[in-house]
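Inspection log for the structure reproduced underneath, given as structure tokens.
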Amino acid sequence: MSMTAFLGRRLLQLVPTLIFILIVVFVLVRLLPGDPASAVLGDRALDADVERINRELGLDRSLPVQFVAFVKQVFTGNLGNSISMKIPVTQLIADRLPITMLLTFMAAVIAVVMAVPLAFVAALRRDRLEDSAIRGAFQVGLSMPVFYVGLILLTVFGAKLRWFPVGGYGDGFLDHLYHLFLPAVTLALSLSAILMRNLRSAIIGVVDAEYVTFARAKGLRANLILFRHILRNALISTLALFGLSIGTLLGGAVITETVFAVPGAGRLMVDSIYGRDYPVVQGLTIALAVLVSVTFLLTDILQAWLDPRVTK
Amino acid sequence: MTVMSVSRLRRLPRAFVFGAAILIASVIVATFPSAFAPYDPLAMDYVNLLAPPSAAHPFGTDNFGRDVLSRVIHAYTIDMQIALFATLFPFIFGTIVGAIVGYVGGVTESIFGRVVDAVITFPFLVLVIAIVSVLGPGLINMYIAIGVVGWVFYARIIAAEVKVQKRLDYADAGRAMGYTHARIVFRHLLPNAITPAVVYWMTDMALAILLGSSLGYLGLGAQPPAAEWGVQIADGKNFMATAWWISVFPGFAIVLTGLGFSLLGDGLAEILRGRK
């Protein structure tokens, strides 16, 4: 199959996924407790006002009609207004989602920086002391909940040592990076554990593969073998894994942002659920699901580009 | 199965033995918490508020004067239950669906493929939080929310395995004998297809404890004053600088139990690989 055909098929697969996302979100939001009108008006609302709000939100119409209207709105970029903050949901998402994306991206970079060198050491010193120590440490890391790691890092490096701010987002790009560093490390820990484990076995697989033995036999220098042959193949599997972990990372971001008071999309999600701000919950769930599908698509394309066998 | 001799036990992978030991101990503590806990986990002692670890209170006391060690021990009951109940129903339901999908194939398989695509598109935790917020906080609703999403992963694993098994000779033999499809799938193919799902189940129980305690931390899982590790860590979060022991010790229990499940899963995978 050619690359174009692969891209076409992959893009086509996105359509049923998007429809399913919209159905799930629509059904979920219609099941939310408490009607939105009383969330806007308070418990002592007049019936006439409740009816007016329901009409404004289109809640007086039949479900299929509501669904069609909902799909139309989503595709025109209109996700309604936040009930508590009185501003368009799209604007809220545009404000908050980039923070979460930056946090997730930083976490991914930190995870790779932690995992790659250690995976090499563990794989090349297989079954020796270094290997056991590295694997043991990551195994413990994998068993630690995100909120627990966050709380400990926050207390030690934020409150006690005062190396990092205890929360917030700061002003200016460098300040953002500074504020997001601890949350990103928190988020990176479990991902780096999975990456390390996967990368280690990938490297072992490649080291034992015939083409590396062949390259050695040809007299290629050891470092060249390592970087040209092993790294490239190992990175392909890492990339696939990273694509699959993006959902877990975003889920972790919800908790990390709550622990560190980072004003991102995850924190907004938790606040909106507590505050019954259902247009925001709806918009965010769609935005996060779309973000995941796009990441899947990008990692698939990158993978196909790195490894032509994937498109076959 | 016959009783294992000592020499066979010794040949088991070390990960498996450690994992099994941790989990057997955890199950015993979870079943009889009162036999191990020195105090009532809910008893408040206003003379001993925020007392640091001592001989009388090895893990200290919290802001209500409750004994942290006793709360950690009693939390085993809830958290081990979470590990089991949050994964058992997805495991059973996913196995049945996966077996059918893998055996029938065709259109059923394509539709299932799209469902899988869509479900993994939602960040798992976000979807679970959203469902719990619809149903209301609490353990039962948390199990439902995790179950609604979690079965898909088991079904995917089983479907792939059954698809391989149904092409093998013994499946044809079953068909030639005139067995019903249900008998072929559930009596003959499934026992040979189920091992990867069982290995995944172990990992999933570790994840369930992380997820359950995360929801407890956010106030969406087990409800205070119940002793649950996530709830306890949330209880202590405002005292981290002055009374770290309230949050830190429950975290140890989470890590230890998670480690038990991961080691058991790894060891199990190793044993099964060796057998092949």
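Protein chains in written order, with full-length UniProt numbering: chain A, 1 to 312; chain B, 1 to 276.
The C-beta atom is built at its ideal place from N, Cα and C for all residues, glycine as well.
Bear in mind the structure is a predicted one, so any value in this text is a computation, not a measurement.
Using the rule of at least 16 other Cβ atoms within 10 Å of the residue's Cβ for burial, across every protein chain shown, is ASP172/B buried or exposed?
Here residue 172/B corresponds to residue number 172 of the second sequence, with the count starting at 1. Label assigned to ASP172/B: exposed.
Nearest chain B C-beta to VAL71/A closer than 8 Å, yes or no?
Start at 1 with the first residue of the first sequence, and residue 71/A comes out as number 71. It does not; no Cβ of chain B falls within 8 Å.
Give a yes or no on whether the minimum CB-CB distance between TRP244/B and chain A is below 8 Å.
Residue mapping note: residue 244/B aligns to position 244 of the second sequence, counting from 1. It does: the Cβ of TRP244/B has a partner Cβ on chain A nearer than 8 Å.
Can you name the residues that DSSP bridges to ASP49/A?
Within the first sequence, numbered from 1, the residue matching residue 49/A stands at position 49. BP columns for ASP49/A are empty, so no partner.
Check whether the Cβ of GLY77/A lies closer than 8 Å to any Cβ atom in chain B.
One-based indexing of the first sequence puts residue 77/A at position 77. Answer no: the Cβ-Cβ gap between GLY77/A and chain B never drops below 8 Å.
Comparing alpha-carbon positions, which option in VAL290/A, GLY266/A, LEU297/A, GLY168/A lies nearest LEU125/B?
Here residue 125/B corresponds to residue number 125 of the second sequence, with the count starting at 1. Taking only the C-alpha atoms, the option nearest LEU125/B is GLY266/A.
Taking the C-alpha atoms as reference points, what is the distance between GLY102/B and LEU199/A?
For the purposes of this step, residue 102/B is identified with residue 102 of the second sequence, where counting begins at 1. For the purposes of this step, residue 199/A is identified with residue 199 of the first sequence, where counting begins at 1. Cα-Cα distance, rounded: 30 Å.
Closest to GLY236/B by C-alpha separation, out of ILE28/B, PRO225/B, VAL248/B, would be which residue?
Working through the second sequence from its first residue, we reach residue 236/B at position 236. GLY236/B has its Cα closest to that of VAL248/B, out of ILE28/B, PRO225/B, VAL248/B.
One question on the structure: do ALA184/A and LEU103/A come within less than 8 Å of each other, judged by their Cβ atoms?
For the purposes of this step, residue 184/A is identified with residue 184 of the first sequence, where counting begins at 1. For the purposes of this step, residue 103/A is identified with residue 103 of the first sequence, where counting begins at 1. Their beta carbons are under 8 Å apart, which means ALA184/A touches LEU103/A by this criterion.
Given this structure, state the Cα-to-Cα distance separating PHE18/B from VAL15/A, to the nearest angstrom.
Within the second sequence, residue 18/B is the residue found at index 18, counting from 1. Within the first sequence, residue 15/A is the residue found at index 15, counting from 1. Distance between the alpha carbons of PHE18/B and VAL15/A is about 47 Å.
Runs of 4 residues minimum, wholly inside the region 27-105 of chain B: which ones carry the alpha helix (DSSP H) assignment?
33-36, 68-104
Find the residues of chain A that neighbour SER247/B, judging by a C-beta separation of less than 7 Å, and give them in chain order.
Along the second sequence, one-based indexing puts residue 247/B at 247. In chain order: LEU151.
Looking only at its own chain, which residues have a Cβ that is under 6 Å from the Cβ of VAL107/B, when we skip the five neighbours before and after it?
Taking the second sequence and counting its residues from 1, the one referred to as residue 107/B is at position 107. None.
Are the C-beta of ALA269/B and some C-beta of chain A separated by less than 8 Å?
Here residue 269/B is taken as the residue at index 269 of the second sequence, counted from 1. So, not an interface residue.
Any Cβ of chain B within less than 8 Å of the Cβ of VAL74/A?
Counting from one through the first sequence, the residue named residue 74/A turns up at place 74. No, its Cβ sits nowhere closer than 8 Å to a Cβ of chain B.
Could you name the residues that DSSP lists as bridge partners for ASN78/A?
For the purposes of this step, residue 78/A is identified with residue 78 of the first sequence, where counting begins at 1. None, per the DSSP bridge assignment.
Going along the region 124-140 of chain A in order, which residues come within less than 9 Å of chain B, judged by CB to CB distance?
GLN139, VAL140
In the DSSP output, which residue or residues are listed as bridge partners for LEU88/A?
For the purposes of this step, residue 88/A is taken as residue 88 along the first sequence, with counting starting at 1. The sequence given here places Pro at residue 88/A; Leu does not occur at that position. Its beta-bridge partners are ASN81/A.
Rounded distance between the beta-carbons of ILE73/B and ALA37/B, thought under 8 Å
The count along the second sequence starts at 1 and reaches residue 37/B at position 37. The count along the second sequence starts at 1 and reaches residue 73/B at position 73. So it is a contact: roughly 4 Å between Cβ atoms.
For LEU31/A, go through chain B and note every residue whose CB falls closer than 7 Å to its CB, in chain order.
Counting from one through the first sequence, the residue named residue 31/A turns up at place 31. Correct list: VAL134.
Backbone CA spacing between LEU69/B and ALA206/B [nearest angstrom]:
Along the second sequence, one-based indexing puts residue 69/B at 69. Along the second sequence, one-based indexing puts residue 206/B at 206. Between LEU69/B and ALA206/B, the C-alpha separation is close to 22 Å.
Can you have a look at TYR274/A and say buried or exposed, based on whether 16 or more other CB atoms are within 10 angstroms of its CB?
Position 274 of the first sequence, counting from 1, holds the residue named residue 274/A. When all chains shown are included, TYR274/A counts as exposed.
Distance cutoff 8 Å, beta carbons only. Does PHE54/B sit that close to anything in chain A?
If you number the second sequence from 1, residue 54/B lands on position 54. Contrary to the premise, residue 54/B reads as Ser rather than Phe in this sequence. Answer no: the Cβ-Cβ gap between SER54/B and chain A never drops below 8 Å.
Identify, in the order they occur along the chain, each residue of the same chain with its Cβ nearer than 7 Å to the Cβ of ALA115/A, setting aside the five sequence neighbours on each side.
Locating residue 115/A in the first sequence gives position 115, where the first residue counts as 1. The answer, listed in chain order, is SER192, LEU195, MET196, LEU199.
Does PHE20/A get closer than 8 Å to chain B when you measure Cβ to Cβ?
Sequence index remark: in the first sequence, residue 20/A carries index 20 (1-based). Yes, its Cβ sits closer than 8 Å to a Cβ of chain B.
So, with DSSP's three-state summary, where would you put THR180/B?
Within the second sequence, residue 180/B is the residue found at index 180, counting from 1. Correct three-state label for THR180/B: coil.
Quick one: using the 10 Å Cβ neighbour count with 16 as the cut-off for buried, is PHE164/A buried or exposed?
Position 164 of the first sequence holds residue 164/A. The residue is buried, with at least 16 neighbouring Cβ atoms inside 10 Å.
If we count the other Cβ atoms within 10 Å of its Cβ and call it buried at 16 or more, is THR242/B buried or exposed?
Translated into positions along the second sequence, residue 242/B becomes position 242. Exposed.
Neighbour flag for residue 339/A against chain B, beta carbons, 8 Å
Nothing about residue 339/A can be reported from this structure: the residues present for chain A run from 1 to 312 only.
Tell me the residue span of the alpha helix (DSSP H) that contains HIS242/B.
In the second sequence, counting from the first residue as 1, residue 242/B sits at position 242. Correcting the residue identity first, residue 242/B is Thr in this sequence and not His. Run containing THR242/B: none; DSSP gives neither H nor E here.
Alpha carbon to alpha carbon, what distance is there between LEU241/A and VAL132/B?
Here residue 132/B is taken as the residue at index 132 of the second sequence, counted from 1. Here residue 241/A is taken as the residue at index 241 of the first sequence, counted from 1. The alpha-carbon atoms of VAL132/B and LEU241/A are separated by roughly 28 Å.
Would you kindly check if the distance between the Cβ of LEU154/A and the Cβ of VAL259/A is under 8 Å?
Taking the first sequence and counting its residues from 1, the one referred to as residue 259/A is at position 259. Taking the first sequence and counting its residues from 1, the one referred to as residue 154/A is at position 154. Contact flag set, yes.
Could you run through the region 58-86 of chain B and flag, in chain order, every residue whose CB is less than 8 Å away from some CB of chain A?
none
Any C-beta of chain A under 8 Å from that of GLY258/B
By one-based count along the second sequence, residue 258/B stands at place 258. Yes, its Cβ sits closer than 8 Å to a Cβ of chain A.
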